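The structure appears right after this line, and notes come after that.
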Amino acid sequence: MSEKPKTTLKRVKTGAFERRFSMAKAGFVAGTMLAAQSAGNMFTRKEERADRQKAILSKQAHYLAEEIGKLKGSIVKIGQMMALYGEHFLPVEVTEALHTLEDNTAALEWTTIYEELEDELGAEKLALLEIEESPLGAASIGQVHKAVIKATGEQICLKIQYPGVAEAVDSDLGAVESLIRMLKIVPITEEFESWFQEIREMMYREVDYNHEREKTKLFRERLQDDPRFIVPKIYEEFCSNRVIATSFEPGLDIDAPETKALPQARRNAICRTALDLCWKEVFLWGEMQTDPNFGNYFVRLGDGAEQPDQVVLLDFGAVREFSDKTLEPGRKIVKAAFLHDEALLLEGLSALHLFGPDTPMDAKRGLAQLCFMAIEPFADPERFPPPSYLLNDQLEYKWGESNLPARLSMKAGLSAAGANRHFTIPPRELMFLVRKIMGAYTFMSVLKAEIRGYDVLSPYILSN
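Numbering (the working numbering), first residue to last: 33 to 496.
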């Protein structure tokens, strides 16, 4: 959820006709803009034409993102998902524009929300609660209100889905796909169709509050004996298809000044906890929270002595299970990169069909070297040391000073010259795994962790 909203709306436009009309109008304007500017581009020198075409596409994409943002509801969430998972399918100008789509923090008016709560829970159950009219936070598809159970004094959170949002998902997806086809933003290939189907399935999960409720209970059960974590309790009596009731779990944002100001040892402990969870999901559970948004985590501060700091896990709507056909090769790739075993690594990459039998060995080895570099923070610092400036005196990796993403991008760019034709687009499930690991890397970097990733990952590698 986003920060506490400052303005309110009476309703979210969820009617298929009015939303399609808004999107069609935006598409018409963007198409006219593209046609006019492309006509002018005909008279541009050939060497300048490509850059000008990129600028035109960027302007067009930013206009569309702005129009999508005005609609709120599922279409904003669709745009955010496309930005997050579209780097292999969408032009960089389009993903950059979609990344500007932040949740509109305007919440629905209390009277509208109360009517929705009454429809979902009934007046008798609502009478058992004292609900704060001002929301704790608002997002594209719902908002959260704090409440107290009058009989017990327990503080809970009510996550309420906006009326009509779930019913608008298919219509919104259809409108976005039509827009992409009309404006010819990307070629409509089989890979694109598969990727867009994944966006569709993700949206179905996002609005399926029963799924989120069950996953919350599952993760709470898995972590109930681990004092490092807090997972909210579900209050079934106040849940429905459009409402989730959980225990109120306060905490600090990961990037809050108070969190960043903690002593190095405490920040390190928090980061080890987050890393350990990441590898539990990959190696033990076979399902994971695929949304790397920092808003899905809080830090509950301890006393710095006997009571440790804890990581609060929130929002399980993006949890997904992974198939064995992706998990087994994926685990093999992580293990092989960790051990610097090129033969095992190529075996895992081949199992995911990232290259074929005709791919030259030089190209395969180039990809293997990228994987070895990517695992750098988790490698044995004595056998496979990173650049010396990234290790402290205890051989702990200094995540906050690492420029690993930039080095990977540079190496990938150099390796890509003439090699791309030998590789295929990664399976969509693998992209979620990569996103998860990159999210963990960002977590470590923000808190400037100094820890040996080797110590966290090695127990999972050695037991598999």
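We treat Cβ as the ideally placed atom computed from N, Cα and C, and that holds for glycine. Values in this document were obtained by computation on a predicted structure and should not be read as measured data.
Beta carbon of residue i nearer than 8 Å to that of residue j
i       : j       : result
Arg-332 : Gly-362 : no
Leu-440 : Tyr-429 : no
Phe-251 : Phe-348 : yes
Glu-268 : Val-344 : no
Val-218 : Leu-116 : no
Met-463 : Trp-431 : no
Leu-160 : Ala-183 : yes
Asp-285 : Val-478 : no
Arg-352 : Glu-374 : no
Gln-175 : Ile-192 : yes
Ile-266 : Lys-249 : yes
Met-114 : Leu-96  : no
Leu-436 : Pro-413 : no
Beta-carbon separation (whole angstroms), residue i vs residue j, contact threshold 8 Å
i       : j       : result
Tyr-194 : Leu-140 : 6 Å
Gly-105 : Ile-173 : 6 Å
Leu-133 : Gly-154 : With a Cβ gap of about 35 Å, Leu-133 and Gly-154 do not count as contacting.
Arg-460 : Glu-230 : 5 Å
Arg-467 : Thr-358 : Contact doesn't hold; Cβ gap of about 13 Å is too wide.
Met-405 : Lys-443 : 6 Å
Thr-474 : Pro-324 : 7 Å
Pro-264 : Pro-340 : Not a contact, Cβ separation roughly 19 Å.
Ala-350 : Ala-472 : Contact flag wrong, Cβ pair sits at about 15 Å.
His-372 : Phe-416 : 6 Å
Ala-170 : Ala-138 : 7 Å
Buried/exposed call for residue i, threshold 16 Cβ in 10 Å
i       : result
Asp-356 : exposed
Ala-93  : buried
Ala-58  : Because the pLDDT of Ala-58 is 49, which lies under 50, any placement of that residue in the model is unreliable, and the number read from its coordinates should be weighed accordingly. Per the 10 Å Cβ criterion, buried.
Gly-485 : buried
Ser-434 : buried
Pro-491 : exposed
Met-235 : buried
Asn-496 : exposed
Cys-310 : buried
Ala-411 : buried
Glu-165 : exposed
Arg-299 : buried
Gln-342 : buried
Leu-381 : buried
Leu-494 : exposed
Glu-338 : exposed
Ala-297 : exposed
Glu-98  : exposed
Close Cβ partners of residue i (< 8 Å) along its chain, the five nearest in sequence each way excluded
i       : result
Asn-242 : Asn-273
Cys-271 : Tyr-241, Arg-245, Ala-277
Phe-49  : Caution is warranted here: a pLDDT of 49 is assigned to Phe-49, below 50, making its placement in the model unreliable, and no coordinate value can be reported.
Gly-72  : Since pLDDT at Gly-72 reaches only 45, below the 50 mark, its modelled position is unreliable, and no value is offered.
Own chain partners of residue i with C-beta closer than 6 Å, once the 5 adjacent residues on each side are dropped
i       : result
Pro-418 : Glu-408
Leu-346 : Asn-328
Glu-152 : Ser-272, Arg-274, Val-275
Pro-289 : none
Phe-75  : In this prediction, Phe-75 has a pLDDT of 42, which is less than 50 and means its spatial position is unreliable; what the coordinates show is noted afterwards. Correct list: empty, nothing qualifies.
Ala-383 : Pro-361
Same chain, Cβ closer than 7 Å to residue i, neighbours up to 5 away in sequence not counted
i       : result
Leu-377 : Ile-365, Ala-368, Ala-369, Ala-400, Cys-403
Arg-304 : Ile-483, Val-488
Arg-213 : Ile-220
Glu-162 : Ala-179, Val-180, Lys-182
Phe-315 : Arg-363, Tyr-492, Asn-496
Lys-7   : What is shown of the chain runs 33 to 496, which leaves residue 7 out entirely.
Lys-109 : Ser-172, Ile-173, Met-235, Glu-238
Arg-232 : Leu-205
Ala-301 : Pro-340, Asp-341
First through last residue of the beta strand (DSSP E) which encompasses residue i
i       : result
Cys-189 : 187 to 193
Tyr-329 : 329 to 332
Val-314 : Here Val-314 belongs to no beta strand (DSSP E), and DSSP marks it neither H nor E.
Ala-171 : Looking at the DSSP string, Ala-171 is not in any beta strand (DSSP E), and its letter there is neither H nor E.
Gln-342 : 342 to 345
Glu-351 : Here residue 351 is Val; the residue named in the question, Glu, does not match the sequence. Counting along the chain, the beta strand (DSSP E) containing Val-351 begins and ends at 351 to 353.
Ser-279 : 275 to 279
Element boundaries [alpha helix (DSSP H), containing residue i]
i       : result
Arg-244 : Reading off the sequence shown, one finds Glu at residue 244, where the question assumed Arg. Residues 241 to 255.
Gly-362 : 356 to 371
Thr-143 : 142 to 153
Leu-399 : 393 to 406
Leu-465 : 460 to 478
Ile-163 : Here Ile-163 belongs to no alpha helix (DSSP H); instead the beta strand (DSSP E) covers 161 to 163.
Leu-211 : 197 to 215
Gly-380 : 374 to 383
Asp-487 : 485 to 494
Val-218 : Per DSSP, Val-218 belongs to no alpha helix (DSSP H) and is neither H nor E.
Pro-289 : 289 to 292
Leu-130 : 124 to 130
is_contact[residue i, chain C] using C-beta, thresh 8 Å
i       : result
Leu-440 : Reference to chain C is not applicable here, since this structure consists of a single protein chain.
Distance cut-off 7 Å: residue i Cβ against heavy atoms of the ligand COA
i       : result
Phe-475 : Looking at this structure, you won't find the ligand COA or any other ligand, since it has none at all.
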